[in-house]
Each structure stands twice: as C-alpha cells, then as structure tokens.
Amino acid sequence: MPETSQTASELGPIPSKRYFTIGEAAELCQLKPHVLRYWEQEFPQIQPVKRNNRRYYQHKDLLLLRQIRSLLHEQGYTIAGARQWLSGNMAGDDAARYRQLIRQTISELEEIRALLKSF
0 MPETSQTASE LGPIPSKRYF TIGEAAELCQ LKPHVLRYWE QEFPQIQPVK RNNRRYYQHK
60 DLLLLRQIRS LLHEQGYTIA GARQWLSGNM AGDDAARYRQ LIRQTISELE EIRALLKSF
C-alpha cells in the first residue's frame, strides 16, 4: 500500500459497516496494519473487538485512528504528546477534538452528497 500525503479531511468516507478488519481499517486510514497494532499498545483508547484471534475495528475506532494519524503526521505531535492530547490533559482539547471530529464528519458527508449527485 503506497503511502500518500492525504490529510485527514482528504481521506475517503468511512463505509457504513459495523466492523472492519485490520486490513480494511489500515486502508481507510492510509496506514499499514503493523502501525495500527503498534498504536493499540501506545493508545489505550484504541480497543478493537478481538474474536477468533482477529481484530475488528468499529466506526468510532476508525475516527480515533484518523485523529491520531492527523495529530502525528499533520500536526507534528509526538506519540507522548498525542497520548496526552487524547487523554484530555491539555486546556481546550475537548473543543478541538470535537471540531476535528465534526470536520471529518462534514468531509465524509460532502463526499457522500457528491457521490449521490453523480447518480
């Protein structure tokens, strides 16, 4: 899978499925599966469902992974800094977190709207 320099808002919409395999999650986040496994160790907020020795990510997990990707790759946070930001120890972080989630959701909805208009 080639690495691209897409920002979180440029990533494609997340399909409306209940569960995603690690390969699907990695592709939707423009990351490699080993990065997701590593981030699970570093960020306690990432908790995929594990069944039959396989990981299944939910929509909320993908939003969190995209947020972490944005913090690390676009905003220049270190893993420790991103962990601290996500844990809520920084002033005003809740508002920033919600703004980022809203931007991601708006972007996904705009792409869905454009897709629907093309029919």
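Per numbering that gives the first Met the number 0, numbering of the sequence shown is gapless, rising by one per residue and ending at 118.
Every residue gets a Cβ at the ideal spot worked out from N, C-alpha and C, and that includes glycine.
Model, not experiment: these values are computed from the prediction.
Between the options, which has its C-alpha nearest residue i's C-alpha?
i   : options                   : result
R68 : R112, K16 and Q103        : Q103
E39 : Y56, F19, R50 and Q74     : Y56
Q99 : I111, Q74, I78 and Q83    : Q74
G10 : L115, I111, S117 and K116 : Note that residue 10 is Leu in the sequence shown, not Gly. The shortest Cα separation from L10 among L115, I111, S117 and K116 belongs to I111.
Q29 : R50, R65 and E41          : R65
Just to confirm before moving on: does the CB-CB distance between residue i and residue j stay below 7 angstroms?
i   : j    : result
L27 : L61  : yes
I45 : P32  : no
P43 : E107 : no
L85 : Y76  : no
Got a sec? Which residues, its chain only, sit under 8 angstroms from residue i by beta carbon, not counting five neighbours each side?
i   : result
V34 : A25
How far does the alpha helix (DSSP H) with residue i in it extend, from its first residue to its last?
i   : result
L85 : I78 to S86
By Cβ distance, which residues of its chain are closer than 6 angstroms to residue i, with the 5 residues on each side in sequence left out?
i   : result
A90 : Only weak support exists for where A90 lies, its pLDDT of 46 falling under 50; the coordinates are left without a value.
**Prompt:** Can you list the alpha helix (DSSP H) stretches of 4 or more residues lying completely in the segment 17-61, in chain order?
**Reply:** 21-27 and 32-41
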